[in-house]
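Residue numbers (the UniProt record's numbering): 1 to 260.
For every residue, glycine included, the Cβ atom is placed at its ideal position computed from N, Cα and C.
Nothing here was measured: the structure is a model prediction, and the numbers come from that model.
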Ligand SMILES: [Fe+2]
Ligand SMILES: [Fe+2]
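Next up, the structure:
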């Protein structure tokens with residue numbers, strides 16, 4: 001049995017502090033034995049550094065997934081090949097640093113496969129097909145473990161919904177990230193895959209998806225480039241809990257939103 005806690009994009013120090021505050025009680029409430037956090041915005045809202053990654057691991061995080069923002073801080077590049085617990089999207093061109101999947105162990109010793117993939121709709125990057133990339137990686141990980149989690153990092157709800165149907169029965173959960181806005185459509189699909197279109201963001205909700213609202217409003221009103229800064233103010237933690245049986249089927253998915 002894998003009791004998975006997945007926490008959506010942790011944004012800057014407000015997100016890290018709120019995660020630190022609530023993660024221990026969430027782990028005990030759900031008897032979680034595996035914790036995954038999307039860390040693409042954990043360092044100042046853009047990217048991840050080795051120090052910030054270690055800080056998140058020290059709070060009880062087992063694996064950090066990411067997305068398009070993982071490349072924003074170049075300090076992370078040298079550790080992406082050595083720190084196995086940090087994943088970047090699988091479907092970037094071959095030969096770049098890091099890995100898009102891994103097999104880890106729950107605190108009870110069960111192997112858990114994690115795949116991180118990016119969608120393509122409304123994405124400025126020209127990435128390989130995420131659906132075909134999932135086919136290959138799911139088949140490979142299935143030979144190691146029946147418990148497989150996918151972080152599908154994408155903008156379009158349609159692409160994520162389609163991806164959920166595509167992998168239903170082949171993975172334990174496909175959880176959407178990237179928009180920073182939690183959707184209320186969590187479900188266990190008919191063949192046993194836990195699904196949500198977007199897990200949401202962990203950070204200040206008194207801004208625009210984690211960024212200071214004045215900065216984003218200035219951008220929309222002037223179309224001039226702006227420098228992003230993490231919003232201050234009241235914070236939230238967004239996540240989901242999935243209970244996964246030993247055959248890899250999701251028995252239950254529960255949405256988590258904690259606001260102060
Ligand atoms: Fe993000
Ligand atoms: Fe993103």
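Span of the alpha helix (DSSP H) holding residue 123?
Counting along the chain, residue 123 falls outside any alpha helix (DSSP H), and DSSP gives it neither H nor E.
Just grab the DSSP bridge partners of residue 177 for me.
Bridge partners of residue 177: 153.
Would you say the beta carbon of residue 9 is closer than 6 Å to some non-hydrogen atom of ligand 1?
Correct: residue 9 has its Cβ closer than 6 Å to ligand 1.
Please tell me whether, using a cut-off of 6 Å, the distance from the CB of residue 68 to the nearest non-hydrogen atom of ligand 2 is below it.
The answer is yes for residue 68.
Where residue 174 and residue 45 are concerned, what is the direct C-alpha to C-alpha distance, given to the nearest angstrom?
Going by the C-alpha atoms only, they are around 24 Å apart.
Run through the DSSP bridge pairs and tell me what residue 190 is partnered with.
According to DSSP, residue 190 bridges with nothing at all.
Under DSSP, the beta strand (DSSP E) around residue 115 begins and ends at which residues?
Counting along the chain, the beta strand (DSSP E) containing residue 115 begins and ends at 111-118.
What first and last residue would you give for the alpha helix (DSSP H) that runs through residue 332?
The first residue shown for the chain is 1 and the last is 260, placing residue 332 beyond what the model contains.
Tell me which residues share the same chain as residue 69 and place their Cβ nearer than 7 Å to its Cβ, disregarding the 5 neighbours each side in the sequence.
40, 41, 46, 47.
According to the Cβ coordinates, are residue 90 and residue 117 closer than 7 Å?
It is a contact, given that the beta carbons lie within the stated cut-off.
In or out: residue 1 buried (at least 16 other Cβ within 10 Å) or exposed?
Classification for residue 1: exposed.
What are the start and end residues of the alpha helix (DSSP H) that includes residue 251?
Segment 250-259 is the beta strand (DSSP E) holding residue 251; no alpha helix (DSSP H) there.
Starting from the C-beta of residue 147, find all residues in its chain whose C-beta is less than 6 Å away, skip the five residues before and the five after it, and write them out in chain order.
If we look at residue 147 and ignore the five residues flanking it on each side, its Cβ neighbours are 2, 112, 172, 244, 248.
Under 6 Å from any heavy atom of ligand 2, does the C-beta of residue 180 make it?
No, since every heavy atom of ligand 2 falls outside the 6 Å radius drawn around the Cβ of residue 180.
Determine the extent of the beta strand (DSSP E) in which residue 65 is found, giving its start and end residues.
63-65 is the span of the beta strand (DSSP E), which, as asked, contains residue 65.
Per the contact definition of three or more C-beta pairs closer than 8 Å, is the segment 197-206 in contact with the segment 174-189?
Touching, yes, given that three or more Cβ pairs across the two stretches are closer than 8 Å.
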